Amino acid sequence: MKTPRTANAVGHIDDDLITAAAECKKKTKHNPWLKWGSIAACFALLVIAGTAILPSLFGGDGGTTNKYKDFIQAGESAIIWPWEYQTVYEKYTELKFDGIEYLGRGREVSASHVGEIIGNHTVVGYDEINSGKKYTKEFEVYKLKDVAQSQFVAVKMEGKYYVFKNDKYAPPSTLGELFNLVDLPKVIELNEFSENGDGPNKNHYVLKSDDYVWEVLAGCKNADFVEDDKWTVHKRDHLSFTVTSETLGVYRVAMYVTADGYLWTNAFSYQYLFNIGEDAAGKIIKYAKENSSEAEYKPYQNRIVGKVVEVTDEYILIDDTVLCNNPSDGTTYKVLLNDLRISRYVDHEIIKVGSTVQITFEGEIDEANTIDSAISASQVKISGGDVLIPE
904 MKTPRTANAV GHIDDDLITA AAECKKKTKH NPWLKWGSIA ACFALLVIAG
954 TAILPSLFGG DGGTTNKYKD FIQAGESAII WPWEYQTVYE KYTELKFDGI
1004 EYLGRGREVS ASHVGEIIGN HTVVGYDEIN SGKKYTKEFE VYKLKDVAQS
1054 QFVAVKMEGK YYVFKNDKYA PPSTLGELFN LVDLPKVIEL NEFSENGDGP
1104 NKNHYVLKSD DYVWEVLAGC KNADFVEDDK WTVHKRDHLS FTVTSETLGV
1154 YRVAMYVTAD GYLWTNAFSY QYLFNIGEDA AGKIIKYAKE NSSEAEYKPY
1204 QNRIVGKVVE VTDEYILIDD TVLCNNPSDG TTYKVLLNDL RISRYVDHEI
1254 IKVGSTVQIT FEGEIDEANT IDSAISASQV KISGGDVLIP E
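Under our numbering, think of the first position of the sequence shown as 904, with each following residue one higher.
Now the structure itself:
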């Protein structure tokens, strides 16, 4: 059995930990890890050494009660998996046809968003462990509804559809041009936002309807694209909308509307910044504040941390007593090994009985404390400040 390799990687970085969105560069040359873009979160985790993580970042009831300790020290290690232990969308990521290079975003899109078939095309993948050995395979390629084929397509792999995006940096000159390429109101739902930043200590809201927001933005089609590498949202009054879109292949990225008249988003991989003017921005901010209700903070992804007490072929049991102020409050979670993205950690003995691990999952914990949507894990040592990141 080939051994997975650890590596520094940048994939999805939680807004909880750093304001990654504000630091997004608009046209940085990709290295092999960056080029994997959004799928990095599926098979490689950012190394966070010695990071103090608030209990509200974890799943379960850690963010809403006093069950967990005030701060938890944790670390994560990035892993490059052997070719045979990668999912099909991790393996095959590069598509080129009609002179356009597309990059897989590693996210599934439902058939209801898929349009007519374009044809069969070759998708390329590279085995990073074996000196970047190249693999090719033919897959069916489809149009995606509500977006231009020049920007996004869907590739059908093993019976499911995955989003591929044009990887060239070619920002629209105006907001109206972006509207022409992507039917934004149809592919993006703006229902969650926070004020002047994200994180557990900020105020969070749910918007009753985003129709008026899109109406205002549709009236800003002449808003110019702004080239400004140094622009950040820091110290600006703003609303931060959470953007999740199947069609765009993005999960919980950001769209900022600032009081001084800017619209910013990283939903298209690169920094897109438009000058919509203070009047339009003010209308959006005023409407959002007056037509929303308070909501609980939601982390980028749910997590539990605990000690592995049992490993079987079908599940692992994790006891979180190590995190609790009162040991009697400890909970044992059953984490199903129903996905290659989590079962490979057991196969390679990264997870084993006695390990203290952090499990990342996308769904919910049921009443029996079962997690059926785990996607990644990392072995960590919590010792009041010292963090062990395994080789």
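Note that CB positions come from ideal geometry on N, CA and C, so glycine has one too. Remember, it's a predicted structure, so these values are computed and weren't measured experimentally.
Reference residue i; option with closest CA among the options
i, options, result
"residue 1114", "1276, 1187, 1168", "1187"
"residue 1107", "1013, 1259, 1198", "1198"
"residue 1127", "1167, 1162, 1103", "1167"
"residue 1219", "1225, 1228, 1209", "1209"
"residue 1024", "1215, 1042, 1280", "1042"
"residue 900", "1014, 1200, 1072", "Since the first residue of the chain shown is 904 and the last is 1294, residue 900 is not available in this structure."
"residue 1020", "1076, 1045, 1035", "1045"
"residue 993", "1214, 1065, 1147", "1065"
"residue 1009", "996, 1002, 1016", "996"
"residue 1205", "1073, 1037, 1277", "1277"
"residue 1265", "983, 1255, 1258, 1203", "1203"
"residue 1012", "1004, 1148, 1054", "1148"
"residue 1268", "1279, 1243, 1244, 1236", "1236"
"residue 1262", "1246, 1270, 1271", "1246"
Where residue i falls: helix, strand or coil (DSSP)
i, result
"residue 981", "coil"
"residue 1169", "strand"
"residue 1014", "helix"
"residue 1222", "strand"
"residue 1274", "strand"
"residue 913", "Note on residue 913: pLDDT 35, under 50, position unreliable in the model; the coordinate value appears next. The answer is coil: DSSP assigns residue 913 none of H, G, I, E or B."
"residue 987", "helix"
"residue 1207", "strand"
"residue 1201", "coil"
"residue 1057", "strand"
"residue 1265", "coil"
"residue 967", "At residue 967 the pLDDT is 33, less than 50, meaning the model places this residue with poor confidence and gives no usable figure here."
"residue 944", "No answer about residue 944 holds up, because its pLDDT of 34 lies below 50 and its placement is not dependable."
"residue 1149", "coil"
"residue 994", "helix"
"residue 1050", "strand"
"residue 1044", "strand"
"residue 1132", "coil"
"residue 906", "coil"
"residue 932", "Unreliable placement is indicated for residue 932, whose pLDDT of 40 sits below 50; the coordinate value is still reported in the next sentence. Note: residue 932 maps to coil in three-state DSSP."
"residue 1101", "coil"
"residue 1196", "strand"
"residue 1127", "strand"
"residue 957", "Low confidence applies to residue 957: its pLDDT is 46, below 50, so where it sits in the model is not reliable, and the reading given next is rough at best. DSSP places residue 957 in coil when its eight states are reduced to three."
Residues bridged to residue i (per DSSP)
i, result
"residue 1141", "1161"
"residue 1030", "1036"
"residue 1007", "1067"
"residue 1023", "1043"
"residue 1175", "1168"
"residue 1256", "None; residue 1256 has no bridge partner."
Boundaries (first-last residue) of the beta strand (DSSP E) holding residue i
i, result
"residue 1283", "From DSSP, residue 1283 is part of no beta strand (DSSP E); its letter is neither H nor E."
"residue 1067", "1063-1069"
"residue 1082", "Careful: residue 1082 lies outside any beta strand (DSSP E), inside the alpha helix (DSSP H) at 1078-1084."
"residue 1089", "Unbroken run through residue 1089 is the alpha helix (DSSP H), 1087-1090; no beta strand (DSSP E)."
"residue 1193", "Where residue 1193 is concerned, there is no enclosing beta strand (DSSP E), although the alpha helix (DSSP H) it sits in stretches over 1181-1193."
"residue 1098", "1095-1098"
"residue 1237", "1235-1239"
"residue 1109", "1107-1110"
Short Cβ contact (8 angstroms threshold) for residue i with residue j
i, j, result
"residue 1047", "residue 1098", "no"
"residue 1274", "residue 1225", "no"
"residue 1026", "residue 1058", "yes"
"residue 1184", "residue 1160", "yes"
"residue 1170", "residue 1136", "no"
"residue 1087", "residue 1134", "no"
"residue 1110", "residue 1096", "yes"
First through last residue of the alpha helix (DSSP H) which encompasses residue i
i, result
"residue 1248", "1243-1250"
"residue 1115", "1114-1121"
Test: residue i CB closer than 8 angstroms to a CB of chain B
i, result
"residue 1016", "No chain B is part of this structure, which consists of one protein chain only."
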